[in-house]
Structure formats: C-alpha cells, structure tokens
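This report concerns only the one structure given below.
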Amino acid sequence: MGNYIPVKSSKPRSITDMLIEAEEDHFLDCPNADFLIRTAALFLDLILLTLAISGVQKLSAASEDYFTLTLIPMVFKANSEYYVKIAHILFLYGKYVVFFMGLYLYLIWSVFRFGGTPAKLLLGLRVLSIHTGKKLRISNVLLREILLKTIMIVSVVGLIGFVLPLIRDDRRALHDLLSFSVIKRIHGGP
Amino acid sequence: MILLVPYMPEVPQKDAPRLWPALIFLLVLGITFLFMDDILQEDKIYVDQIFEMIDTDSQGLPILRPEGHAHLKNRPLLQISPSRGDWDFIRLFFANFVHGSSLHLLLNLIGIFAGVRICSTYLPFFRILIIFILGGSMGLLASMFLSSEISEFIPHIGSSAGIFALMGVYYIYNFKYRTRYFFWFPSRRGVIALKTSWFFFLDVILLEIILSLSQFFPNRFDSVDHLAHVVGFVSGVSLALLLKTIQRWPPFIQTWREFLLWKELNPKKMSVSEVDRFNQWLEILKTNPYNDQIKIKMCMTINRLSDLLSDDHISRSVFFLSPTFIRLYPKVVSSSIRTILARGRFIPLDWFKKLPYDSMIYISKYLAQHPEEQILLFLFIADYQKVHPEGGGVNRKVELLINKLRGIIPQTGSLGDSDKSSSATTMDSSQFKSPKQAS
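Going down the list, the sequences are from chains A and B. In this text, residue positions in the first sequence follow my numbering: the first is 56, and each later residue adds one. In this text, residue positions in the second sequence follow my numbering: the first is 457, and each later residue adds one.
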C-alpha cells in the first residue's frame, strides 16, 4: 500500500488533485517491471530510434545532395563552390542539432513529461519515484538517463548494474537505486 | 517495416488471418527465383561489361556512351522484365514475381508474408492476388517512366510494389482500428498493438514518400525503388476504396464476419429504429469485442437515448467497456456513465467487480470535471467500494480516496448542491440515493 501522505499546501486542492494522488498511490501498488519486459522495452526503443535516425539520415542525405548538386549550381552559376561548402557545413551541423534534439525529446523529455520512453509507454511501463509514485523531476531524469547510464556503460563493471533486476526482489537496476526511481508495470500494454 | 512487422489486425482469434494464402505466395516467389536463377547469373556477367562504356560529365554524373545503350538493350533480364524502352504487359505482370538477388528475395518474402497475411482478414485469396498484380504493376510502371535513369533499358523487378499495394488495402480496411506489431522479441511481450491510422502510415509509407522524391533526380543515393512503393501503396488504397464502395462496407465494421452479420441484420431498403440499431451494435460487439468504433457509437447512443433504452440494454452494453477501451477513450466512457447515473439507471454490480482500480480513477477524473455533477462521482465511487470486500487491497485504496475527498467537501449544506457546503462526516454511500443495482 502506498505510504504517500500529501504535503499540506496553502492552495485549495481540488477533487482532480485527489484523484491524481490516488492514481499515484495505486501506481506504487502496481508490480515492478521484471527484467524481461524491461529488455523488451529497450529492444523496442532501439527499433524506434533506428527507424527515426535512419529516416532523418536518409532525408538529410537526399536534401544535401539536391541542394549541393542541383539547386545551388542552378541558382548561383558563378561562385557556386563557395555556397556548396557552406551548404555542406550547415547540413553537417544541422544533422547534429536534429540528432541531439531528437535524443533529448525521446530519452529525457518523454520520461519527464509522460513517465517513460515511447516503448515503455507502449508496453504499459512507467518510470516513477519510488517514494511518491509521481513522475520523476527533470533533475532525476537527467541523473538517471544520462549521467548514471553513461557511467554504467563506460565502466564495464557498471554493466552489472543493468542486470540487477534479475537478482533483486524489487527488480530495480543500479540506475534506479541511485536515482530513487522504479519502473512499474501499470497495465498490460495496448 | 522489417524491424516492426505488422503481424495481424487486433481482432478476435476466430477472425485471425489465415496462414495458407501467405505460404502460397512465398512458395511461388521462391520457385520463380530458383527457375530464373540462370537468367539472373547470365545477366550479371553481361552487365559487368557495361562499366567500360560509362563516361562522366562536367558535374561528375555518369553518362552512358551510345554503344552502352545498345549493349543494355540486349541484356538477358529484359526477356522476363520490363524497362522504359522495352516493355509489354506480360513482362510487367511477371516482374512482380522476379527478384534480382537472394537478399532482395528474402526482404520481400518477409514483406509479402506480412502483407498477404493481414489482408486475408478482409479479402479472399484471388482478390489479394489481383490487387498484388495490379497494384504492383502500376508501381513498376510509374517507376519505369518517372525515375531519372542512366539508360531506358534498366529493368524493373521485384514484388515490393505489390507488397505496398497490399499494405494500402490493409490501411484502408483497418484504418480506425489497431494493428498488432511483432518486433522480433522472442516472447509474448514482443507484440504490441498500435493505431493503424497513424503508426502504420509512419512505419510503412512516410519515409517512402520522402525518399521517392529523390528518384526524380539523377544522383539518387540508393537503388531501392521508393517511387514504385509509393505508387503501389496509392494503387492499393484506391483499389480498396473502390472495393469498399462496391461492397457498401460501413466505416464502423472491421472484420468480414461483422460485415456479413451487418448485411443480415440490415436487408436492403429497410429503415431501423434507434433502439433496434442499438441492439445491432450489441450483436456485432458479441462477434468482435475489439471494435472500438461501435463501442463509441454505443456510448453516444446511451448519452442521447438513455430514456428509450431498457435496463437490459444498459446492463449488456457496459460489459463491453473494457479496461483498454476505458484507458483509450475515458471521456466517452465517463460521459455514458454520467448519463446512466444521472438517470438513476442500472449499472450491474458484476461490472464494478471486474472494473480495475485504475479504470475507476480514469472515469472519476472526467466525472470530477463538472462541479455541479460531483454527486455522481461520489455515487460512482461509493458503488465501486460496495462490491469490493472489506479489508481487501482495492477496498483499502477506495477508503483512502474517500478519506481524501472527505477533506475537501464543504463543511455546511447538503451534498449535491454546489451552492451550499455540506458536513464532512456525511461522506458515506448510505447517504446517497444510489441507483438500483442489477445483480
């Protein structure tokens, strides 16, 4: 049973606020996601990211080819080499901007805003605070998704942290433990 | 599409796609590949000589010398496949079954298996075959005449245009419903259901539309015939719309079985009363409980005509409001529940027993949006609490919720009157005029 006790607030609380708290309480009672479903979510995330990245890459390559080989030589008949170089630089930086923005939206913003990456949401999983059942704050999301996971991947020993859900009763990985989060299975998926 | 494979529409098991039409297609494509292997090998050796006949222009683009065009005109593959400079209808139709390499064949086998299988939910085998050949041929034809190519004797082969035609057919027939996708995870968890209208479009065709634009330019960056895919898809969509118009297939019917039942219940030129129509919704939902469009229509009818519907109608209809439907359409469900409660109609206790706690919360959130109707919310929660045994996990959660709500109920006045406040201690189900419960 959830232990959350609402903090006294000077703002009048509405029935909707109560219902949201009840839902968060209920989430704390839901089972923790096991290793298999977490791995399935990771796999699906990789597929969705691959589709998105390859789509953006191909679109970018097609646009770059069109601009540098057809449009720019047609418009700037003299001096086109200079503009082609600028186009190449713009496309190069543009690709990185789009790539990192996309990653931010997918891995950080979706966890903060909706409680999980698209694959987790599709499989009925939520990344929640272990104490309150609420969605994580942005600082916790950044800690969990970027700092802790990067350290765990880079340090080989840290990779063991990813398989902790196999042996722990609470099915939490190392990055869950250190960021005070848990992945709950709130429904069976769509 | 290869990574996330459309597996079947979300339909009951008895309407699940059949395997044998897809297996026949696999067999035909495999056998054709084996028989054409000699011609393909011969063509490969023949075309290797072409590289000596290619020059480059001032922009670095390849140009074929006149002797190169003459050389390509006689390539072996053109005996069984069309090109812009040399084609006929027989080779055009046959090209749908020919593949240039084993990798090309393998990728298309996955696509044809998925495409034929999902279409078999709606169409018989020969219609699928005709759509595959017609749609595929239109895709190949468009690609032949619209692509920018080094020579007019480049053969166009492959079943991918036909596969996209089948995808177009499926997209139209299953547009408002969900598709189950298989994502190569070796477990039951490797299947997810997603709305066809947007995800199928994103996964199957959006990228193809973008990439097909590159085929109008000489310096295309891959050898995949995206234009044929897009035209094949559009052909499939057009053929499906034509077929549905001829069949008079209603937009809220998903499977063939439902379509036959609908036709049986609605003989030509017979008008039907609203209540009889409601009975038809219930009959169709018995056949396919996944049909969300009919559930939405059923809920809208409850909102409009609850006074005309009997207690039995309402009782039977609420059982089709599954947890997934409540999660996806909470507003629709809560407006029906609100109408039922406001009219003092029956809600079966068994439905409350089966209703998960989070579904109750979803409905309650929408019921709470209208301050003047909060009494209905309290009735709903109180009735939910009634059917869950004391001391159980759900009962404890509902008690906690009621205690929280008690804290914000106004101190004086009577419940249900939004202008006056009521005593906090009167938050108890026995205080409400609860609707009669059908057991």
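Backbone N, C-alpha and C fix where the C-beta goes; we use that ideal spot for every residue, glycine too.
Using the rule of at least 16 other Cβ atoms within 10 Å of the residue's Cβ for burial, across every protein chain shown, is residue i buried or exposed?
i       : result
L596(B) : buried
P707(B) : exposed
V467(B) : buried
E730(B) : exposed
V850(B) : buried
D659(B) : buried
M464(B) : buried
H143(A) : exposed
W705(B) : buried
S234(A) : buried
T711(B) : buried
P220(A) : buried
S210(A) : exposed
D681(B) : buried
T882(B) : Unreliable positioning characterises T882(B) in this predicted model, as indicated by a pLDDT of 31, which lies under 50. A coordinate reading is not provided.
A696(B) : buried
M156(A) : exposed
T635(B) : buried
M129(A) : exposed
T123(A) : buried
E720(B) : exposed
Give a yes or no on whether 8 Å exceeds the smallest Cβ distance from residue i to chain B.
i       : result
D80(A)  : yes
H186(A) : no
A95(A)  : yes
H143(A) : no
K140(A) : no
R240(A) : no
L183(A) : no
Indicate whether at least one CB of chain A lies closer than 8 Å to the CB of residue i.
i       : result
S820(B) : yes
L459(B) : yes
D814(B) : yes
I817(B) : yes
I648(B) : yes
G567(B) : no
L857(B) : yes
G624(B) : no
For a contact meaning CB atoms closer than 7 Å, what does residue i contact in chain A?
i       : result
F639(B) : F98, L99 and I102
K809(B) : Result: empty, since nearest Cβ-Cβ is about 17 Å, beyond 7 Å.
L602(B) : None at all; the shortest Cβ gap to chain A is about 16 Å.
I want to verify the contact list: residues of chain A whose CB lies under 8 Å from the CB of residue i, in sequence order.
i       : result
K860(B) : P61, M73, E76 and A77
Given that residue i touches chain B, what residues does it touch there, using C-beta distances under 7 Å?
i       : result
L114(A) : I666
G170(A) : Going along chain B, no residue has its Cβ under 7 Å from G170(A), so there is no contact; the nearest lies around 13 Å.
G110(A) : L663
Note down, in chain order, every chain B residue with its Cβ under 8 Å from the Cβ of residue i.
i       : result
I70(A)  : A824, Q830, L833, L861 and I864
L177(A) : I648 and L650
So does residue i have its beta carbon nearer than 7 Å to some heavy atom of the ligand HEM?
i       : result
L160(A) : As for the ligand HEM, it is missing from this structure, which has no ligand bound.
Would you say residue i faces chain E, with C-beta separation under 8 Å as the test?
i       : result
T105(A) : Considering every chain present, this structure includes no chain E. Its protein chains are A and B.
### Message
Would the region 183-198 of chain A count as touching the region 100-110 of chain A if we require 3 or more Cβ pairs under 8 Å?
### Response
no
What are the complete alpha helix (DSSP H) segments, minimum 4 residues, inside the region 186-241 of chain A? 193-197, 204-209, 219-222 and 229-233
| Three CB pairs or more closer than 8 Å across the region 193-200 of chain A and the region 161-169 of chain A | yes
Self-check item: Any beta strand (DSSP E) of 3 or more consecutive residues that is wholly inside the region 515-562 of chain B
Solution: 518-520
With a cut-off of 8 Å, do at least 3 Cβ pairs link the region 613-630 of chain B to the region 686-696 of chain B?
yes
query: Does the region 573-584 of chain B come within contact of the region 593-608 of chain B, defined as at least 3 CB pairs closer than 8 Å?
result: no
* Asked: Taking one C-beta from the region 498-511 of chain B and one from the region 562-574 of chain B each time, how about it: are there three or more such pairs within less than 8 Å?
  -> Contact between the region 498-511 of chain B and the region 562-574 of chain B is absent: fewer than 3 CB-CB pairs across the two stretches fall below 8 Å.
Give, in chain order, every unbroken run of the alpha helix (DSSP H) that is at least 4 residues long and sits entirely within the region 797-880 of chain B. Segments of the alpha helix (DSSP H) lying fully in the region 797-880 of chain B: 805-810, 813-823, 830-842 and 849-862.
- Task: Could you tell me whether the region 716-735 of chain B touches the region 757-767 of chain B, where touching means 3 or more Cβ pairs closer than 8 Å?
- Result: yes
Tell me whether the region 613-627 of chain B and the region 199-216 of chain A touch, counting them as touching only if at least three CB pairs, one residue from each stretch, are closer than 8 Å. Contact between the region 613-627 of chain B and the region 199-216 of chain A is absent, because fewer than three Cβ pairs lie under 8 Å.
Report yes or no: do the region 70-81 of chain A and the region 819-836 of chain B share at least 3 C-beta pairs separated by less than 8 Å? Yes: at least three Cβ pairs fall under 8 Å.
Going along the chain, which unbroken runs of the alpha helix (DSSP H) with 4 or more residues stay wholly within the region 734-807 of chain B? 748-761, 767-774, 779-784 and 786-798
What are the complete beta strand (DSSP E) segments, minimum 3 residues, inside the region 612-640 of chain B? 634-638
Legend entry - Segments of 4+ residues assigned as alpha helix (DSSP H) that fall wholly inside the region 132-171 of chain A: 135-158 and 165-169
Answer yes if the region 802-815 of chain B comes into contact with the region 773-784 of chain B, meaning at least three C-beta pairs across the two stretches below 8 Å, and no otherwise.
-> yes
Exercise. Taking three-plus beta-carbon pairs below 8 Å as touching, is the region 475-486 of chain B in contact with the region 519-539 of chain B?
Worked result: no
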